[in-house]
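Worksheet: one structure, shown below.
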Amino acid sequence: FQRSVGNKGIEALEEAGDKLVVVDFTATWCGPCQSIAPFFKGLSENYQSVVFLKVDVDDAPDVASFCDIKCMPTFHFYKNQKKVGESAGSLKETVPNFNQKVGVCW
13 FQRSVGNKGI
23 EALEEAGDKL
33 VVVDFTATWC
43 GPCQSIAPFF
53 KGLSENYQSV
63 VFLKVDVDDA
73 PDVASFCDIK
83 CMPTFHFYKN
93 QKKVGESAGS
103 LKETVPNFNQ
113 KVGVCW
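This is the structure we're talking about:
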């Protein structure tokens with residue numbers, strides 16, 4: 013399960029409690045973001061104890077700025093409301109790193 017949070021990211025982190033949270037910073041015009049979207053959706057179905065969130069940087073520019081998002085797609089990993097990891101780049105660069113991050117942060 014994944015959901016879009018926009019400006020409600022902090023509330024979503026609080027609701028997650030001690031679960032791992034993976035935030036996908038994305039944009040509708042971003043080609044690499046669209047390419048990785050099915051993979052992200054698949055992860056959300058396979059790792060049901062992990063909270064998967066999407067933030068469209070155009071809909072929530074203040075959140076993107078606060079999180080210092082410089083490129084998309086960028087993934088932030090949170091545990092107990094603290095950032096514990098980050099991964100950014102195209103599908104080819106991100107997928108191996110992503111699986112490693114989920115394993116380390118778990």
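Position 34 of the sequence shown, counted from 1, bears residue number 46 in the numbering used here, the numbering being contiguous throughout. We put the beta carbon where it would ideally sit given N, CA and C, even for glycine. Since we're looking at a predicted model, the values are computed, not measured.
Query - Separation of Val75 from Tyr59, as counted between CA atoms - result: Distance between the alpha carbons of Tyr59 and Val75 is about 25 Å.
Query raised in the report: Taking just the CA atoms, how far does Lys95 sit from Leu32?
Result: 10 Å
**Report entry** Span of the beta strand (DSSP E), counted from its first residue to its last, around Asp36
**Finding:** Leu32 to Thr38
Query raised in the report: Whose CA, out of Asp36, Phe78 and Ser99, lies closest to the CA of Phe64?
Result: Asp36
Query raised in the report: What did DSSP end up calling Asp74 once you bin it into helix, strand or coil?
Result: helix
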